[in-house]
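Those protein sequence lines, which keep their order, are chains A, B and C. By my numbering, the letter at position 63 of the first sequence is numbered 166, and the numbering carries on one by one without gaps. By my numbering, the letter at position 106 of the second sequence is numbered 112, and the numbering carries on one by one without gaps. By my numbering, the letter at position 8 of the third sequence is numbered 784, and the numbering carries on one by one without gaps. Cβ coordinates follow ideal geometry from the N, Cα and C atoms, glycine included.
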Amino acid sequence: MVIDFILLFFVVVCAVASVSMKDLLGSVMILGAYSLLMALLWTRYNSVDVAFTEAAVGAGITTVLLIAALSRTFRHEEDPEKPGQSIFPWLTRIARLIPLGVVMLTGAVLIYGTLDMPNFSDPAAPANLHVAPYYIEKSVPETGSINFVTAILASYRGYDTLGEVTVIFTAGICVLILLRRRFHG
Amino acid sequence: MAEHVIIKTVSRLMIPFIQLFSLYVIAHGELGPGGGFQGGVILGASFILYAMVFGLEEGRKRISRKASDFFSPTGLFIYAVIGIFCILGGGLYLEYDRLPLIGDEILASQLGIYGIEIGVGITVSAVMTTLFFEMARRDDD
Amino acid sequence: MIEIIAGKYNYWIYISLMMIGFYAMIAKGNLIKKIVGLNIFQTAVFLFYISMAVREGSTAPILLSRAHGALTPETATYTNPLPHVLILTAIVVGVSVTAVALALAIKIYRAYGTLDEYRIAKMEQEAE
């Protein structure tokens, strides 16, 4: 329980620090720490496959790709330029607060939406009562795999995994089209 | 460069074990946490580590451009072909119970899952390597 | 009132994380900062989704009977494995989107010399 609180606190601190730093390299490093803390939090929630993937992909590949992109571009965030002359000067001051207002409004609407949801870690939540018992009981007799997540991913939902591998392959092709030169010499 | 001795020595010792661990994670997808994606990403990360420590040209000598270009669609091809084998055995697409030449249905299902995890691992590792090498390459532009 | 807060404060923390990422995406001008905000937003949404699968007193969704003897699927409770599968796919799709977005950012930097979206928009306006 205490570990959950500490992890959540540090996750929020990492998110705020990553967004507000001007040095983009430091921002990317703190994003790597954020991904690793998320993986620890998911291990606390007993979702081991997802934590494994997030630790490998989020803390590994995303950080490395961001640093590689930073090495080709500019390392520091440029200062926002001064707004030009406008007819109503108070309008530019309000315009800087509009993103904050939109974010607060969206957050308030989402919090209002969670009042209808079942409580956290409720054993009688309807999300856990309909399809999940079928998968848990029938995985080993039908597919022979004792990891239920792999059984669902590879056997019951095999088409979706085929689509996912196609998405990864398409991302590789897109980056090749964008960044590779024609002449090799 | 004297200050990179520690990183180079440790990487040279650790990279074979990282690759062995990635193969273990791919192969034991049915028995524990892991599977194709996780193992593929770890295998790609081992190549990226080698390229980061020893330089991009040295890394490209180990994983040539042709190799990473060839293995990217190979895993996807293996995945799709296993589905077609299931049709040849008399079932639907990707219905592993009906793989031909294997008698037991549970064994056929386990072998089908094993095959597609290997395919997924190959594609993911090749694509991660390609992504890093294309983005970090510094040519004259 | 107090039991509403005690039961749901986790969801509110996850929503505040989502809003931090959302704010970074719309308020910051640098393109790489927007991509960082996108990653924060995505990971917070996955956390929200996984937290709906947690059950009290449950364990990881791997069968226990082989190693620990006499435990069948009915006696031990497992966490719901279905959200794990969906989030696994979503994480990998997220890294693909990040990779393509970074490649586009590199091309934009090569073409315009800057990564600030307001300066790029002004250059586009002056070029017309």
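Quiz item: Between which two residues does the alpha helix (DSSP H) carrying residue 233 (chain A) extend?
Solution: Looking at the DSSP string, residue 233 (chain A) is not in any alpha helix (DSSP H), and its letter there is neither H nor E.
Self-check item: Distance, residue 209 (chain A) Cα to residue 113 (chain A) Cα
Solution: 23 Å
Practice problem: Have a look at residue 873 (chain C) and residue 109 (chain B) and give me their C-alpha separation to the nearest angstrom. | Solution: 42 Å
Quiz item: Which residues mark the beginning and the end of the alpha helix (DSSP H) in which residue 94 (chain B) is found?
Solution: 71 to 94
Quiz item: Quick check: the stretch 805 to 820 of chain C against the stretch 864 to 879 of chain C, are there 3 or more CB pairs under 8 Å?
Solution: Per the Cβ contact rule, the stretch 805 to 820 of chain C is in contact with the stretch 864 to 879 of chain C (3 or more Cβ pairs under 8 Å).
Exercise. Compute the beta-carbon to beta-carbon distance between residue 116 (chain B) and residue 204 (chain A), rounded to the nearest angstrom, for a pair I have assumed lies under 8 Å.
Key: The beta carbons of residue 116 (chain B) and residue 204 (chain A) sit about 55 Å from each other, so the pair does not count as a contact at 8 Å.
Self-check item: Contacts of residue 44 (chain B) in chain A (Cβ-Cβ under 7 Å)
Solution: 155, 156, 159
Exercise. Since I believe residue 856 (chain C) is in contact with residue 235 (chain A) (beta carbons under 8 Å), could you give me their beta-carbon distance rounded to a whole number of angstroms?
Key: 4 Å
Quiz item: Does the distance from the C-beta atom of residue 95 (chain B) to that of residue 105 (chain B) stay below 8 Å?
Solution: yes
Exercise. Compare the beta carbon distance of residue 787 (chain C) and residue 822 (chain C) with 8 Å and say whether it is the shorter of the two.
Key: no
Practice problem: Could you spell out the range, first to last residue, of the alpha helix (DSSP H) harbouring residue 138 (chain B)? | Solution: 111 to 142
Quiz prompt | Within 8 Å, strictly: CB atoms of residue 36 (chain B) and residue 250 (chain A) | solution = yes
Quiz item: Is there a Cβ from chain C that is less than 8 Å from the Cβ of residue 58 (chain B)?
Solution: no
Self-check item: Candidates B:54, B:60, B:143, B:87: closest to residue 126 (chain B) by CA position
Solution: B:87
Quiz item: Does residue 868 (chain C) come within less than 8 Å of chain B when only Cβ atoms are used?
Solution: Output row for residue 868 (chain C): interface = yes.
Practice problem: Name the residue from A:143, A:231, A:175 whose alpha carbon lies nearest to the alpha carbon of residue 831 (chain C). | Solution: For residue 831 (chain C), the closest alpha carbon among the candidates A:143, A:231, A:175 is that of A:231.
Exercise. Establish whether the CB of residue 879 (chain C) and some CB of chain B are separated by less than 8 Å.
Key: yes
Practice problem: Report all residues from its chain with a CB closer than 6 Å to the CB of residue 270 (chain A); omit the five preceding and five following residues, and keep chain order. | Solution: none
Quiz item: Apart from the five residues on each side of it in sequence, which residues of its chain come closer than 7 Å, Cβ to Cβ, to residue 254 (chain A)?
Solution: 242, 246, 248
Quiz prompt | Helix, strand or coil at residue 107 (chain A) according to DSSP, with G and I counted as helix | solution = helix
Self-check item: Cβ-Cβ separation, residue 802 (chain C) to residue 102 (chain A) (assumed contact under 8 Å), whole Å
Solution: Residue 102 (chain A) lies beyond the stretch modelled for chain A, which goes from 104 to 288, so this question has no answer here.
Quiz item: Does DSSP classify residue 133 (chain A) as helix, strand or coil?
Solution: helix
Quiz item: Which residues in the same chain have their Cβ closer than 6 Å to the Cβ of residue 152 (chain A), if we skip the five residues on either side of it in sequence?
Solution: 252
Quiz item: Cβ of residue 846 (chain C) less than 8 Å from any chain A Cβ?
Solution: With a pLDDT of 46 at residue 846 (chain C), under the threshold of 50, the modelled position of this residue cannot be trusted, and the question is left open.
Quiz item: By the 10 Å Cβ neighbour count, where 16 or more other Cβ atoms means buried, how is residue 145 (chain A) classified, buried or exposed?
Solution: Buried, since its Cβ has 16 or more Cβ neighbours within 10 Å.
Quiz item: Hey, is residue 63 (chain B)'s beta-carbon within less than 8 Å of any beta-carbon in chain A?
Solution: no
Quiz item: Which residues of chain B have a Cβ atom closer than 7 Å to the Cβ of residue 759 (chain C), listed in chain order?
Solution: Not covered by the structure: residue 759 (chain C). The range shown for chain C is 777 to 904.
Exercise. For residue 259 (chain A), name the three-state secondary structure that DSSP assigns.
Key: helix
Quiz prompt | residue 168 (chain A) vs residue 43 (chain B) beta-carbon contact at 8 Å | solution = no
Quiz item: Taking any Cβ of chain A, which residues in the stretch 84 to 97 of chain B have a Cβ under 8 Å from it, in chain order?
Solution: 85, 86, 89
Quiz item: Counting contacts by CB-CB distance shorter than 8 Å, is residue 21 (chain B) in contact with chain A?
Solution: no
Quiz item: Excluding the five sequence neighbours on either side, which residues of its own chain have a C-beta within less than 7 Å of the C-beta of residue 846 (chain C), listed in chain order?
Solution: Reliability of the predicted coordinates at residue 846 (chain C) is poor, the pLDDT of 46 falling under 50, and no value is obtained from them.
Exercise. Note down, in chain order, every chain B residue with its Cβ under 9 Å from the Cβ of residue 263 (chain A).
Key: Simply none; closest approach about 11 Å.
Self-check item: Classification of residue 290 (chain A) by the beta-carbon crowding that lies within 10 angstroms, buried from 16 upward
Solution: Residue 290 (chain A) is absent from the structure shown; chain A starts at 104 and stops at 288.
Quiz prompt | Interface flag, residue 38 (chain B) vs chain C, CB-CB below 8 Å | solution = yes
Quiz item: With contact counted as at least three CB pairs below 8 Å, one residue from each stretch, are the stretch 271 to 286 of chain A and the stretch 108 to 124 of chain A in contact?
Solution: no
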